[in-house]
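Notes follow once the structure below has been shown.
In the numbering used here, the protein residues as written are 12 to 276.
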């Protein structure tokens, strides 16, 4: 799995981290043209843009679901949580390049240090033109089924000095709390998306809880955990599609509180 920050990500000013994240080698675009050769013209209309981005997310979810529900008759192959995230991101990246939307909607994959500090796996950003400054952020954290959940860092990463420093700076909060705090520090144009690769009552589908107001919803709770986040599903009357979710995010011009649940597969 490659981390595509060299192509898709931006050097966001909001990542004012005290540590020095591990360097990632940029991908030489001239060697990637064969993979992403069928490009379309950039989308000009907002509705077209939302449709294209939603299609990319849906394609990634559908591809990931194939691995999520796969059962090896010999029980030798068990996709790891890390592999599932890789499948999602690689499929998403392939789609965004083929549809030529990366100049307007970027994806930045977090380094191991950033995952520890911010609790996020990646960040989607709507970019202004021509500056390409982020104007809307969707910060994503993937939650796996408890029986699949494993530490995301390798033994080498866990022992790295930069990881230890990031853990010391995290203040003892869990990943969910750190991501909520990070989004709250940015403002109402920053949405936290908890992406569930399977739920206990439906292990073969991908769901999400998105909000720019988690800090208010959880103000009365001492701890943010999986159970608390899943309560948003129980209080919902239905699920938004990826397209409806993105439409809600893009149309939230006034920065009003927005919380919704979505089904991606």
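Built from N, CA and C at the ideal position, the CB exists for glycine as well. Fair warning: this is a prediction, and the values are worked out from it, not measured in the lab.
- If you draw a 10 Å sphere on the C-beta of residue 88, you find fewer than 16 other C-beta atoms in it, and that means exposed.
- Nearest to residue 193 by C-alpha distance, out of 68, 132, 218, is 132.
- Taking the C-beta atoms as reference points, residue 134 is found no nearer than 9 Å to residue 153.
- In this structure, the beta-carbon distance from residue 94 to residue 78 falls below 9 Å.
- Note on the stretch 72–159: whole beta strand (DSSP E) runs with a minimum of 3 residues are 116–120, 133–138, 145–155, in chain order.
- Bridge partners of residue 250 according to DSSP: none are assigned.
- Ranked by how close their Cα comes to the Cα of residue 205, the residues 240, 276, 255 have 240 in first place.
- With 16 or more other Cβ atoms inside 10 Å of its own Cβ, residue 147 counts as buried.
- In the DSSP annotation of this structure, the continuous segment of the alpha helix (DSSP H) that includes residue 189 starts and ends at 186–197.
- In summary, residue 262 is exposed, with fewer than 16 beta-carbon neighbours lying within 10 Å of its beta-carbon over all protein chains present.
- Around the Cβ of residue 82, a 10 Å sphere holds fewer than 16 other Cβ atoms; the residue is exposed.
- Of the other Cβ atoms in all chains shown, 16 or more fall within 10 Å of the Cβ of residue 117; this residue is therefore buried.
- Residue 275: not part of any alpha helix (DSSP H); DSSP gives it neither H nor E.
- Judged by DSSP in its simplified three-state form, residue 258 adopts helix.
- The criterion of a C-beta distance shorter than 9 Å is satisfied by residue 222 and residue 202.
- In the three-state scheme derived from DSSP, where H, G and I count as helix and E and B as strand, residue 67 is classed as helix.
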